[in-house]
């Protein structure tokens with residue numbers, strides 16, 4: 405239904421550089437890393453998402469006749485280079501952290517090993533996809549955490565930044581923990597639960613609120629959530645809803661799920677009043693759902709204030725990640741293969757220590773405490789390093805090397821979290837379904853300490869370097885400063 | 405290349421309501437208005453964008469066999485209703501303000517007059533498209549204003565919220581005033597200028613910075629902007645760039661455009677130092693371009709501080725409209741056609757006066773000062789009202805009716821700004837090209853007073869109601885409160 409070739413979804417400079425490499429270099433194989441520097445919203449972790457769409461993008465990479473013709477008209481590319489583009493396909497390898505995994509700043513989320521012309525082209529689209537979906541999955545995870553077990557429904561499509569932002573944002577929101585989305589296309593494409601009842605226009609199109617509720621209840625007796633704030637929530641909406649629920653009961657109809665939705669006013673006050681009215685009328689199991697510019701902070705506060713809401717609809721603030729609408733993933737050159745086949749590590753320096761890249765062809769081992777199953781640290785090392793978990797493991801902060809922790813041999817286990825996705829152009833990875841990824845993400849969050857999941861000033865998880873990687877980085881920095 | 409049917413890009417509740425209307429009502433013709441309540445970033449105006457994509461969406465509206473089959477599996481729709489969906493197409497009328505027009509809160513940007521089932525379905529996608537593109541066009545317009553005539557290039561694709569956000573965001577950015585985008589797909593689809601040179605990886609892939617610059621200059625002698633901050637901007641980058649420019653000159657190469665790009669460090673300080681170095685070396689026409697987390701506030705401040713930058717690349721903060729990542733367009737029922745063919749106005753009340761809707765089938769007249777050509781006010785009235793510009797015009801604020809202005813007859817002119825787009829299902833509007841829209845938008849901004857264009861605490865343009873519309877609204881409010 406949506407067939408789209410995103411080959412041209414790239415920055416022009418990727419193409420001008422490609423032609424430059426074509427003209428001046430041997431198209432050496434290089435390593436590029438995708439990583440980010442800070443969790444959104446000053447959180448303690450992020451959630452990886454978007455890999456399935458990256459895979460589709462890579463599989464479909466090719467320049468059509470029209471594309472090449474468009475480039476020709478730009479007047480900056482040689483016929484030789486355009487000829488090369490006509491036959492272009494991706495022949496490299498990609499390693500990535502699976503979707504739904506909890507991730508931390510500095511570590512390579514995705515690694516491209518490919519001839520430099522190919523590796524350069526794919527930068528923009530890979531970043532676009534991973535940055536967007538990881539942003540929304542992370543935001544959703546925060547909102548879900550704030551709701552303390554209540555269901556969060558994503559319904560921000562109308563405020564999303566374009567169709568894809570709504571569609572893939574809904575996908576990412578479910579990965580991050582939402583129970584469903586209003587987005588019908590997302591439901592169809594990703595087989596995720598879709599939800600929704602009615603809007604104010606439904607109520608306004610009938611002669612009165614009671615009739616609108618009554619007709620709705622007749623049509624959808626088994627999932628009957630009535631929007632009660634069109635006229636006056638407590639004087640009109642809730643009483644009319646109760647009248648309809650009572651009539652349903654008298655008619656012998658017992659809905660699987662029924663209740664009211666509040667969409668304006670003070671949600672703490674109104675939900676407590678409505679709860680009492682529903683309870684007094686004999687409907688203690690009627691659900692009170694709420695919406696209206698919610699985010700994790702407001703849900704956290706409403707929970708603190710004893711709001712009687714157990715179902716939440718979150719729109720704009722989730723689908724745009726308002727407050728932090730971008731995930732700062734970058735794509736940096738880490739190594740160039742030498743004629744002897746070895747990778748020569750490359751480093752990008754900066755006045756800002758935090759912005760110096762980690763050189764070389766790397767991987768990540770996640771270090772778990774054996775007793776609790778919780779994450780102790782992530783260890784970035786060269787791809788060919790091995791570790792013996794019977795030995796003590798010395799962890800140290802690469803920016804403050806005096807911060808050291810020694811894990812006794814046998815007390816921890818390690819797991820490599822970068823997985824092969826493409827090997828020499830062939831896809832070797834099968835994406836799980838979105839609901840499988842969501843279930844995996846729930847398990848992933850159980851590996852985080854509570855202190856890391858906190859919304860405010862969370863404890864940071866350490867991302868350390870192996871001794872060998874640290875020494876190489878130091879050596880390159882010393883060489884640079886000569 | 406991108407064929408996509410967005411019929412299912414809707415909220416589930418639109419479909420459950422549609423089925424509800426199908427079962428309970430006569431599918432009366434109704435009027436829905438799209439309007440917004442506040443300009444993004446507390447600005448004085450916004451820029452309309454996205455209409456061309458709304459038109460494509462409406463033209464392509466239809467449910468495929470697969471779509472209907474998906475609905476059937478959901479188990480909430482009757483076979484009769486699914487049958488109706490199979491034959492669905494849009495038969496209504498749409499009026500809209502053309503893209504690139506400056507727009508203000510409260511006024512209907514787009515009006516749908518259609519049988520209620522059709523009008524309800526299209527709510528979500530119309531809002532999604534208009535909200536996104538108007539947001540980015542408005543942000544771009546602010547950034548362009550801050551740059552005081554310098555060119556702004558949009559290059560945020562890698563941080564955009566998904567592929568569409570990058571693609572249509574680039575389109576909207578050009579409408580709002582950007583001179584071009586890095587986005588190749590946007591260039592191809594919308595025939596807008598694309599721009600770009602090279603990244604740090606280009607520099608790092610050569611044995612040294614000079615060689616990287618030299619090779620780049622050989623390849624692209626006519627538009628040669630060199631990125632100077634990979635190692636050390638003032639000690640290495642600028643001197644190497646000057647060396648290459650000097651060699652080009654010695655070889656008799658005179659580029660159409662050449663210069664440097666700063667991408668880190670303090671842009672005011674570095675640009676002044678670099679300007680002096682370039683001038684002293686005999687390159688006073690070398691352009692200094694800058695990028696690195698720019699937005700309209702930072703550009704405004706850098707200009708104030710005398711930064712020697714005349715070309716700006718703006719990424720994340722523009723493409724996500726960071727700080728205000730959503731445009732609050734809503735879609736509200738305004739009237740229902742009665743059996744006699746007249747429209748019965750409908751109103752949505754709220755505890756918040758600002759949130760009360762304007763009832764009826766309406767249009768907007770823009771009132772211009774004849775002498776200056778500047779906008780005096782927008783006047784919302786019923787669609788069948790007429791005005792004689794030889795007569796005095798009394799304007800008044802609908803929320804503070806004591807605020808009145810009388811325009812003498814002959815001193816003003818009026819122009820209806822809502823244009824027919826679809827009439828009874830037929831598209832009667834041809835979208836201009838994006839570059840035509842951008843040129844129109846530049847002229848539109850000339851109709852704004854300087855006080856309205858200011859970035860901080862701008863003067864608001866009045867959006868008033870006709871006496872007849874005001875009286876009708878009051879009457880409905882009085883009826884409601886009975």
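Protein chains in written order, with this note's numbering: chain C, 405 to 886; chain B, 405 to 886.
Backbone N, C-alpha and C define an ideal beta-carbon position, used for all residues, glycine too.
Legend entry - Three-pair Cβ contact test at 8 angstroms for the stretch 551-565 of chain C versus the stretch 712-731 of chain C: Yes: at least three Cβ pairs fall under 8 angstroms.
Inset, instruction - Can you tell me which of the three DSSP states residue 531 of chain C falls into? - result: Note: residue 531 of chain C maps to helix in three-state DSSP.
Legend entry - the stretch 562-572 of chain B contacting the stretch 722-734 of chain B, beta-carbon criterion three pairs below 8 angstroms: Cβ pair count under 8 angstroms is three or more, so yes.
Inset, instruction - Report the option in B:440, B:427, B:415 and B:413 whose CA atom is closest to the CA atom of residue 759 of chain B. - result: Considering only B:440, B:427, B:415 and B:413, the residue with the shortest C-alpha distance to residue 759 of chain B is B:440.
Inset, instruction - Decide if residue 414 of chain B is buried, meaning its Cβ has at least 16 other Cβ atoms within 10 Å, or exposed. - result: The residue in question, residue 414 of chain B, is buried, as its Cβ has 16 or more Cβ neighbours within 10 Å.
Legend entry - Closest residue to residue 819 of chain B among B:587, B:682 and B:791 (Cα-Cα distance): Of the candidates B:587, B:682 and B:791, the one whose C-alpha sits nearest the C-alpha of residue 819 of chain B is B:791.
Legend entry - Selection of the stretch 635-659 of chain B by Cβ proximity to chain C, strictly under 8 angstroms: Result list: 635.
Inset, instruction - With DSSP as the reference, label residue 676 of chain C as helix, strand or coil. - result: In the three-state DSSP reduction, residue 676 of chain C falls in the helix class (H, G or I).
Inset, instruction - Report the rounded CA-to-CA distance for residue 887 of chain C versus residue 575 of chain B, giving the unit in angstroms. - result: Outside the displayed span of chain C (405 to 886) sits residue 887 of chain C, for which this structure offers no information.
Inset, instruction - Answer with buried or exposed for residue 798 of chain C, where buried requires no fewer than 16 other C-beta atoms within 10 angstroms of its C-beta. - result: Counting the other Cβ atoms within 10 Å of the Cβ of residue 798 of chain C gives fewer than 16, which makes it exposed.
Inset, instruction - Look up residue 779 of chain C in the DSSP assignment and give the residues it is bridged to. - result: The partner list for residue 779 of chain C (beta bridge, DSSP) reads C:772.
Inset, instruction - Quick one: list the residues of chain B neighbouring residue 417 of chain C, beta-carbon separation under 9 angstroms, in chain order. - result: Those are 559, 586, 599, 600, 601, 602, 603 and 606, listed as they occur along chain B.
Legend entry - First and last residue of the uninterrupted alpha helix (DSSP H) at residue 839 of chain C: Residues 838-849.
Legend entry - Sub-8 angstroms separation of residue 461 of chain C and residue 824 of chain C beta-carbons: No, they are not a contact pair.
Legend entry - Cβ neighbour criterion (16 or more within 10 Å) applied to residue 418 of chain B: Residue environment for residue 418 of chain B: buried (at least 16 other C-beta atoms within 10 angstroms of its C-beta).
Inset, instruction - With distances taken Cα to Cα, identify the nearest neighbour of residue 617 of chain C among C:585, C:470, C:452 and C:662. - result: Of C:585, C:470, C:452 and C:662, the smallest CA-CA separation from residue 617 of chain C is found for C:662.
Inset, instruction - Out of C:526, C:444, C:804 and C:794, point me to the one whose CA is closest to residue 467 of chain C's CA. - result: Of the candidates C:526, C:444, C:804 and C:794, the one whose C-alpha sits nearest the C-alpha of residue 467 of chain C is C:526.
Inset, instruction - Could you check if residue 604 of chain C is buried or exposed, using at least 16 other CB atoms within 10 Å of its CB as the buried criterion? - result: Counting of Cβ neighbours within 10 angstroms places residue 604 of chain C among the buried residues, the total reaching 16 or more.
Legend entry - Rounded C-alpha distance that separates residue 862 of chain C from residue 698 of chain C: Spanning the alpha carbons of residue 862 of chain C and residue 698 of chain C requires a straight line of approximately 21 angstroms.
Inset, instruction - Using 10 angstroms around the beta-carbon of residue 885 of chain C, count the other beta-carbons present and answer buried if the total reaches 16, otherwise exposed. - result: Its Cβ having fewer than 16 others within 10 Å, residue 885 of chain C is exposed.
Legend entry - Rounded separation between residue 840 of chain C and residue 859 of chain B - CA only: Between residue 840 of chain C and residue 859 of chain B, the alpha-carbon positions lie close to 47 angstroms from each other.
Legend entry - In chain order, each alpha helix (DSSP H) run of at least 4 residues that lies wholly inside the stretch 503-554 of chain B: You should have 520-525 and 527-550.
Inset, instruction - Return the Cβ separation of residue 787 of chain B and residue 767 of chain B in integer angstroms, given the expectation that the two are a contact with Cβ distance under 8 angstroms. - result: Your pair residue 787 of chain B and residue 767 of chain B checks out as a contact, with CB atoms roughly 5 angstroms apart and the cut at 8 angstroms.
Inset, instruction - Tell me residue 599 of chain B's beta-bridge partners as DSSP assigns them. - result: The partner list for residue 599 of chain B (beta bridge, DSSP) is empty, contrary to what the question assumes.
Legend entry - Proximal residues of chain B, C-beta to C-beta of residue 488 of chain C below 7 angstroms: Under the 7 angstroms cutoff, chain B gives no residues; its nearest Cβ is about 15 angstroms from residue 488 of chain C.
Inset, instruction - Report yes or no: do three or more beta-carbon pairs, one from the stretch 448-459 of chain C and one from the stretch 530-547 of chain C, lie closer than 8 angstroms? - result: Here the stretch 448-459 of chain C lies against the stretch 530-547 of chain C, with 3 or more beta-carbon pairs under 8 angstroms apart.
Legend entry - Three-way DSSP call (helix, strand, coil) for residue 633 of chain C in this model: In the three-state DSSP reduction, residue 633 of chain C falls in the coil class, being neither helix nor strand.
Legend entry - DSSP beta-bridge partners of residue 556 of chain B: Answer is B:716, bridged to residue 556 of chain B.
Inset, instruction - Report yes if the C-beta distance between residue 706 of chain B and residue 713 of chain B is below 8 angstroms; otherwise report no. - result: In this structure, residue 713 of chain B lies closer than 8 angstroms to residue 706 of chain B by Cβ.
Inset, instruction - Would you tell me roughly how many angstroms separate the C-alpha atoms of residue 431 of chain C and residue 846 of chain B, rounded to the nearest one? - result: Whole-angstrom Cα-Cα distance: 45 angstroms.
Inset, instruction - Given a cut-off of 8 angstroms, decide if residue 438 of chain B and residue 561 of chain B are closer than it, judged by their beta-carbon atoms. - result: Residue 561 of chain B places its beta carbon 8 angstroms or farther from that of residue 438 of chain B.
Legend entry - Per-residue burial, residue 619 of chain B [other beta carbons within 10 Å of its own, 16 or more giving buried]: Per the 10 Å Cβ criterion, buried.
Legend entry - Per-residue burial, residue 832 of chain C [other beta carbons within 10 Å of its own, 16 or more giving buried]: Classification of residue 832 of chain C: exposed, given that the 10 Å Cβ count is below 16.
Legend entry - Proximity to residue 826 of chain C [Cα-Cα], best of C:495, C:532, C:479 and C:548: It is C:495 whose Cα lies nearest to the Cα of residue 826 of chain C.
Legend entry - Nearest residue (CA-CA) to residue 809 of chain B, options B:785, B:868, B:838 and B:443: When only C-alpha atoms are compared, the closest one is B:868.
Legend entry - Beta-carbon gap between residue 517 of chain C and residue 803 of chain C smaller than 8 angstroms: No, the Cβ-Cβ distance between residue 517 of chain C and residue 803 of chain C is not below 8 angstroms.
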